[in-house]
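Undergrad: Pasting a structure here, questions to come.
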Amino acid sequence: MPAEIDRNELRRLVEAGAQLVEVLPEEEYAEDHLPKAISIPLGRLDDEASTTLDTNRPVIVYCWDIA
Amino acid sequence: MSPRAAWRLESLGFGEVYEYRGGKLDWMAAGLPTEGTNAKRPRAGSLARADVPTCRLDERLGDIRDRAREQGWDAAVVINSERVVLGLLRAKELDLDPDQQVSQAMRPAPSTFRPYVLAEEMAAYMRDHERVSVVITTSDGRLVGLLRKEDVGA
Chain G
1 MPAEIDRNEL
11 RRLVEAGAQL
21 VEVLPEEEYA
31 EDHLPKAISI
41 PLGRLDDEAS
51 TTLDTNRPVI
61 VYCWDIA
Chain B
1001 MSPRAAWRLE
1011 SLGFGEVYEY
1021 RGGKLDWMAA
1031 GLPTEGTNAK
1041 RPRAGSLARA
1051 DVPTCRLDER
1061 LGDIRDRARE
1071 QGWDAAVVIN
1081 SERVVLGLLR
1091 AKELDLDPDQ
1101 QVSQAMRPAP
1111 STFRPYVLAE
1121 EMAAYMRDHE
1131 RVSVVITTSD
1141 GRLVGLLRKE
1151 DVGA
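Those protein sequence lines, which keep their order, are chains G and B. With the working numbering applied, the first sequence closes on residue 67, and no number is skipped along the way. With the working numbering applied, the second sequence closes on residue 1154, and no number is skipped along the way.
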């Protein structure tokens, strides 16, 4: 079950090498994204997750807020 | 959207999946840096004057007025020990009876804005609402600074 984290845990995990993924549309990522985040819009997750991400390393997903 | 993404990744075989529920809104509201085309545009948080005079609820109004004006300010922000904003003293309030306490004179619970709001959006708001200055705070209410209309060209 995916664990919910706050911004402090996020920073710690990213420093420790976790992959950070913004799942919003590409245009929104282009305007503003968290440092070190990559863009995989939700609709492309199935196709791109296995090629872009490493299944053996932690991965964090986020969008604008919970919505 | 992110809960769906997190569950989907687990089903695709990712063993360690986390979800940052606060998301970009929480990150930016805390005044943390972002990257991207908007990141280089001026925002309320970077333009706000962090050196605005501050005071506590139980201080004497006349003392704050003198201190603020000596520093060239016509405003002061009332905060607690955690820097959470409790009120605002504008020129009008600073000129009230100097012997009363700040808590009696201040404008309580002033409307505040988050640091990530773009300068041009703040300028439009301040023009439309005829505001001379607005308080910029983080999402947990802590003072970032006072943004004056001249800071955003309004």
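Think of the CB as a built atom: it goes at the ideal place given N, C-alpha and C, for glycine as much as any other residue.
(1) To the nearest angstrom, report how far apart Gly-1036 of chain B and Asp-32 of chain G are at their CA atoms.
(2) Could you compute how far the alpha carbon of Cys-63 of chain G sits from the alpha carbon of Pro-1098 of chain B?
(3) Given this structure, state the Cα-to-Cα distance separating Glu-1082 of chain B from Glu-1070 of chain B, to the nearest angstrom.
(4) Strictly by DSSP, which residues pair up with His-1129 of chain B?
(5) Just verifying my parser: in three-state terms, what is the DSSP assignment at Ile-1064 of chain B?
(6) Ordered along the chain, which non-local residues of its own chain (more than five positions away) have a Cβ less than 8 Å from that of Ile-5 of chain G?
(7) Since Val-1144 of chain B meets chain G, which of its residues come closer than 8 Å, beta carbon to beta carbon?
(8) With Val-1017 of chain B and Leu-1146 of chain B assumed to form a contact (beta carbons below 8 Å), what rounded beta-carbon distance in angstroms separates them?
(9) Sorted by chain position, which residues of the same chain lie with C-beta nearer than 8 Å to Thr-1138 of chain B's C-beta, five sequence neighbours on each side aside?
(10) What is the rounded straight-line gap between the Cα of Arg-1142 of chain B and the Cα of Asn-1080 of chain B?
(11) Provide the residue span of the alpha helix (DSSP H) that contains Arg-7 of chain G, from first to last.
(12) Measuring alpha carbon to alpha carbon, tell me which of G:Leu-20, G:Glu-48 and G:Leu-24 ends up nearest Pro-41 of chain G.
(13) Would the C-beta of Ala-1105 of chain B count as close to the ligand HEM, meaning under 6 Å from any of its heavy atoms?
(14) Report the three-state DSSP secondary structure of Glu-1016 of chain B (helix, strand or coil).
TA: According to the data block:
(1) If you take the alpha carbons of Gly-1036 of chain B and Asp-32 of chain G, they lie about 5 Å apart.
(2) C-alpha separation (whole angstroms): 50 Å.
(3) C-alpha separation (whole angstroms): 25 Å.
(4) Paired residue(s): none; His-1129 of chain B is not in a bridge.
(5) DSSP, read as helix, strand or coil, puts Ile-1064 of chain B in helix.
(6) Around Ile-5 of chain G: Leu-13 and Ile-60.
(7) Within chain G, no residue has its beta carbon less than 8 Å from that of Val-1144 of chain B; the closest one is some 16 Å off.
(8) Going by Cβ atoms, the distance from Val-1017 of chain B to Leu-1146 of chain B rounds to 42 Å, so no, they are not a contact pair.
(9) Excluding residues up to 5 positions away in sequence, Ala-1029, Ala-1030, Gly-1031, Arg-1114, Pro-1115 and Val-1144 lie with their Cβ nearer than 8 Å to the Cβ of Thr-1138 of chain B in the same chain.
(10) Rounded to the nearest angstrom, the two C-alpha atoms are 9 Å apart.
(11) Judged by DSSP secondary structure, Arg-7 of chain G falls within the alpha helix (DSSP H) whose first and last residues are 7-15.
(12) For Pro-41 of chain G, the closest C-alpha among the options G:Leu-20, G:Glu-48 and G:Leu-24 is that of G:Leu-24.
(13) Within the structure as shown, the ligand HEM is missing, as the structure has no ligands at all.
(14) Glu-1016 of chain B falls in the coil class under three-state DSSP.
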